[in-house]
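Written out below as structure tokens is the structure these notes cover.
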Amino acid sequence: MANLEYYRVFYTVAKTGSISKAAAELFVTQPAVSQVLSKLEDELNCTLFIRTSKGIKLTSDGQMLLGYVQPAVNSLLKAEAVFAKLRNLDAGEVRIGASDTLCMYYLSEYLSRFQAKYPEITIKVINRTSTEIVNLLKNGLVDFGIVNMPLDREPHLFIRAADTIQDCFVAGKRFEMYKGKTLTVEEISKLPLIMLEKGTATRRFADNLLQRNGLKVTPALELGSVDLLVKFAVSGLGVSFVIKDYITDMLESGELFEMDFGIHIPKRNIGIATMKNIPLSAAPSAFVKMLLEKEKD
32 MANLEYYRVF
42 YTVAKTGSIS
52 KAAAELFVTQ
62 PAVSQVLSKL
72 EDELNCTLFI
82 RTSKGIKLTS
92 DGQMLLGYVQ
102 PAVNSLLKAE
112 AVFAKLRNLD
122 AGEVRIGASD
132 TLCMYYLSEY
142 LSRFQAKYPE
152 ITIKVINRTS
162 TEIVNLLKNG
172 LVDFGIVNMP
182 LDREPHLFIR
192 AADTIQDCFV
202 AGKRFEMYKG
212 KTLTVEEISK
222 LPLIMLEKGT
232 ATRRFADNLL
242 QRNGLKVTPA
252 LELGSVDLLV
262 KFAVSGLGVS
272 FVIKDYITDM
282 LESGELFEMD
292 FGIHIPKRNI
302 GIATMKNIPL
312 SAAPSAFVKM
322 LLEKEKD
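Residue numbers for the sequence shown follow the working numbering, so the first one is 32 and each next one is one higher.
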């Protein structure tokens with residue numbers, strides 16, 4: 032099979048109708064162009080051009096070959112143009128996996144910023160739990176995931192900390208008798224605790240936290256939404272374990288107050304998860320860069 036570069040030279044000569052013009056367009060010498068044409072004719076065992084007083088002209092074989100080569104070259108040129116747009120962030124797609132909570136309270140600011148900066152890039156957000164996002168990544172359905180830490184060790188994932196969050200136990204006015212008081216183990220055991228459902232990173236963190244501190248508490252309610260945790264706490268249905276950073280307005284207004292269980296609740300990370308050994312394309316890479324640099328403003 033002839034070198035693909037031979038066909039590019041052939042196409043350029045056919046397009047310009049001149050070996051000298053083709054050489055100038057290809058940034059090579061005229062003898063180099065003539066040599067390539069000769070090699071291509073040898074490979075195909077035919078004559079592609081004839082020389083006339085007005086330059087060179089395609090033979091019937093040359094015209095037939097051009098009919099095949101021209102669409103292929105046009106397709107390659109279109110592909111080059113598309114990839115140039117992708118590199119320059121003038122086109123592309125970003126597929127993000129994130130939980131409802133992180134979408135609402137963390138990701139939304141970055142989405143607005145990214146869309147304003149790169150309006151031609153399509154963004155697709157898939158809402159799942161952090162555990163489910165790991166599976167989406169493994170199956171190639173998202174470019175990266177925004178997850179609550181900690182996660183179970185995943186050898187195929189590369190996770191970078193993008194931000195920190197602080198969890199806390201909160202309650203509404205029904206439990207104001209405990210406000211400003213450090214609760215005893217007995218008092219805690221009698222409280223109706225509201226937790227996220229099992230299988231979420233936040234639930235695992237809360238369970239491990241309570242267990243490490245010798246607190247054996249069976250949740251009165253298990254919910255699938257952080258928003259419901261907050262609403263149920265405001266309504267007085269129990270004490271919820273929530274991310275403090277996302278309810279500061281309610282703490283300041285007095286709708287909720289932080290309960291003191293007498294234990295230290297360490298901060299944890301929001302992680303950006305990608306697959307190891309699979310490089311991100313330009314658009315997802317730019318979004319991850321924005322997240323890691325905390326580029327909101």
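Backbone N, C-alpha and C define an ideal beta-carbon position, used for all residues, glycine too.
- Take the alpha-carbon of Val100 and the one of Lys70: they are about 17 Å apart.
- Glu72 counts as buried, since at least 16 other C-beta atoms from the protein chains shown sit within 10 angstroms of its C-beta.
- Arg205 is positioned such that its CB atom lies no closer than 9 Å to that of Gly302.
- The bridge partners DSSP lists for Arg126 are Lys155.
- Boundaries of the beta strand (DSSP E) harbouring Lys88: 86-89, taken from the DSSP string.
- Per DSSP, Asn300 is not a residue of any alpha helix (DSSP H); the beta strand (DSSP E) it occupies stretches across 299-306.
- A distance below 6 Å between beta-carbons, with the five flanking residues on each side excluded, links Gly86 to the following residues of its chain, in chain order: Gly48, Ser49.
- Pro315 and Thr233 have their alpha carbons spaced roughly 26 Å apart.
- Its chain contains Cys77, Thr78, Leu79, Phe80, Ile81 as the residues whose beta carbon lies nearer than 8 Å to that of Thr90, once the 5 sequence neighbours on both sides are disregarded; these appear in chain order.
- Around the beta carbon of Ile177, 16 or more other beta carbons sit within 10 angstroms, so the residue counts as buried.
- Apart from sequence neighbours up to five positions away, the residues of its chain that approach Glu124 with a beta-carbon distance below 6 Å are Thr153, ordered along the chain.
- Lys109 places its beta carbon 9 Å or farther from that of Leu188.
- Judged by DSSP in its simplified three-state form, Leu120 adopts coil rather than helix or strand.
- Around the Cβ of Pro250, a 10 Å sphere holds 16 or more other Cβ atoms; the residue is buried.
- Restricting attention to Asp198, Asn119, Leu224, the CA atom closest to the CA of Lys275 is found in Asp198.
- Inside the segment 238-275, DSSP marks whole alpha helix (DSSP H) runs of 4 or more residues at positions 257-265, from first to last along the chain.
- Taking C-beta atoms as the reference points, Gly128 and Ile157 count as a pair closer than 9 Å.
- Each residue's CA atom was taken as its position, placing Lys212 and Met290 some 8 Å apart.
- Here the alpha carbons of Ala103 and Val257 stand approximately 54 Å from one another.
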